[in-house]
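Student:
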Ligand SMILES: [Ca+2]
């Protein structure tokens, strides 16, 4: 087995890869490919995981699209346990008001909870939160065990319309 870390560098994919034994280039490439397709990873427009981002999950092998071509500055692997995801959403800040326990992709525009969420607690998994029902607009990734008491901190108060768990890979 090997370990691998990825450093965010301006407009450069930089992999530092430490194989347990000298590996031929072909195996190195296949190890990196397997790593990048066995867990979701997120490509960000700016360094330090900020700006616009794209989520790549298992099966989405086509590299970055035109949208992000030459714009990626940092990469983050999502290594959280993504099985049996669960997030609790709250109507008000500090986990108050009406609460909803969500375990699957949910379009809030179909119910009475659209554009009201102000805080959350992630019990399990990693969640993609979206401003609009079709997944567009502002987006935010909530990580496992993350408690976010006030959406105003990310300028997202009363805007959540769609969310879904990131899908685990098969590895
Ligand atoms: Ca609210």
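Numbering (this note's numbering), first residue to last: 722 to 892.
Backbone N, C-alpha and C define an ideal beta-carbon position, used for all residues, glycine too.
These figures come from a predicted structure and were not determined experimentally.
Is residue 763 near ligand 1 - that is, is its Cβ less than 8 angstroms away from at least one heavy atom of it?
Tutor: Residue 763 sits at position 42 when you count from the first residue of the chain shown. No, Cβ of residue 763 sits at least 8 angstroms from all heavy atoms of ligand 1.
Student: Specify whether the region 794-808 and the region 829-836 touch according to this definition: at least 3 beta carbon pairs, one from each stretch, less than 8 angstroms apart.
Tutor: Contact between the region 794-808 and the region 829-836 is absent, because fewer than three Cβ pairs lie under 8 angstroms.
Student: Which whole-angstrom value describes the C-beta separation of residue 838 and residue 881, a residue pair presumed to lie in contact below a C-beta threshold of 8 angstroms?
Tutor: Here the question's residue 838 lines up with position 117 in the chain shown. Here the question's residue 881 lines up with position 160 in the chain shown. About 4 angstroms separates the two Cβ atoms, so the contact holds.
Student: Starting from residue 772, trace the beta strand (DSSP E) in both directions and tell me its first and last residue.
Tutor: For the purposes of this step, residue 772 is taken as the residue at position 51 of the chain shown. Segment 771-777, the beta strand (DSSP E) holding residue 772.
Student: If you measure from each residue's Cβ to the nearest non-hydrogen atom of ligand 1, which ones come out under 7 angstroms, in chain order?
Tutor: Going along the chain, the residues that qualify are 812, 813, 818, 837, 838, 839, 878, 879.
Student: Identify every run of the beta strand (DSSP E) within the region 801-888, keeping only runs that are complete inside it and at least 3 residues long; order them along the chain.
Tutor: For the region 801-888, whole beta strand (DSSP E) runs of length 3 or above, ordered along the chain, are 807-813, 817-823, 840-845, 848-851, 860-863, 883-886.
Student: Once you ignore the five residues that flank residue 872 on each side, which residues in its own chain have a CB closer than 6 angstroms to its CB?
Tutor: On the chain shown, residue 872 is found 151 positions in, with the first residue counted as 1. Around residue 872: 839, 878.
Student: Since residue 842 and residue 868 should fall inside the 8 angstroms C-beta cutoff, what is the C-beta to C-beta distance between them, to a whole number of angstroms?
Tutor: Stepping through the chain shown from its first residue, residue 842 is reached at position 121. Stepping through the chain shown from its first residue, residue 868 is reached at position 147. Between residue 868 and residue 842 the Cβ distance is about 5 angstroms, and since that is below 8 angstroms, they are a contact.
Student: For residue 764, count neighbouring C-beta atoms within 10 Å of its own C-beta (all shown protein chains included) and say buried if the count is 16 or more, exposed if not.
Tutor: By 1-based counting over the chain shown, the position of residue 764 is 43. Residue 764 is buried by the Cβ-count criterion.
Student: Please classify residue 794: does DSSP put it in a helix, a strand, or coil?
Tutor: Reading the chain shown from its first residue, position 73 is the one you call residue 794. Three-state result, residue 794: coil.
Student: Suppose you measure from the CA of residue 760 to the CA of residue 858; what does that come to, to the nearest Å?
Tutor: Walking along the chain shown from the start, residue 760 turns up at place 39. Walking along the chain shown from the start, residue 858 turns up at place 137. Whole-angstrom Cα-Cα distance: 24 angstroms.
Student: Cα-Cα, which of 778, 890, 845 is closest to residue 823?
Tutor: In the chain shown, the residue the question calls residue 823 occupies position 102. Nearest option by C-alpha distance: 845.
Student: Name the two residues that bound the continuous beta strand (DSSP E) containing residue 763.
Tutor: Start at 1 with the first residue of the chain shown, and residue 763 comes out as number 42. It spans 762-767 - the beta strand (DSSP E) in which residue 763 sits, taken as one unbroken run.
Student: According to DSSP, simplified to helix, strand and coil, what is residue 890?
Tutor: Taking the first residue of the chain shown as 1, we reach residue 890 at position 169. If DSSP states are grouped into helix, strand and coil, residue 890 belongs with coil.
Student: Measure the CB-CB distance between residue 762 and residue 798 and report whether it falls below 9 angstroms.
Tutor: Mapped onto the chain shown, residue 762 falls at position 41. Mapped onto the chain shown, residue 798 falls at position 77. Yes. Within cutoff.
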